[in-house]
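Residue numbers (our numbering): 2 to 74.
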């Protein structure tokens, strides 16, 4: 698990090339299934997702809960 605030991510990697907002209660695709390791599937939790280019072959996607500094990789 990586802890990096959105501001820290922007400072380190620039603006994310992709962002999304979703609620995990509505279901998530396979890529986001790790969220259920931290949260119950039937809870209504709004998530903000940010994806940065880390290198030519690697992207970094972090998920944020509104009002919390924690992020989940």
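Glycine is no exception: its CB is placed at the ideal position from the N, C-alpha and C atoms.
Cβ pair count under 8 Å reaching 3, the segment 5–16 against the segment 27–44:
Using a Cβ-Cβ distance cut-off of 8 Å, the segment 5–16 and the segment 27–44 are not in contact, since fewer than three pairs of beta carbons, one from each stretch, lie closer than that value.
From 33, 4 and 18, pick the residue whose C-alpha is nearest to that of residue 54; which is it?
Among 33, 4 and 18, the Cα nearest to that of residue 54 belongs to 18.
For the alpha helix (DSSP H) that residue 7 lies in, which residues bound it at each end?
Element bounds for residue 7: 7–14.
Could you tell me how far apart the beta carbons of residue 50 and residue 20 are, in whole angstroms, since I believe they sit closer than 8 Å?
That belief holds up - the Cβ atoms of residue 50 and residue 20 are roughly 6 Å apart, short of 8 Å.
Quick one, which of 63, 61 and 48 has its alpha-carbon nearest residue 28's?
Taking only the C-alpha atoms, the option nearest residue 28 is 48.
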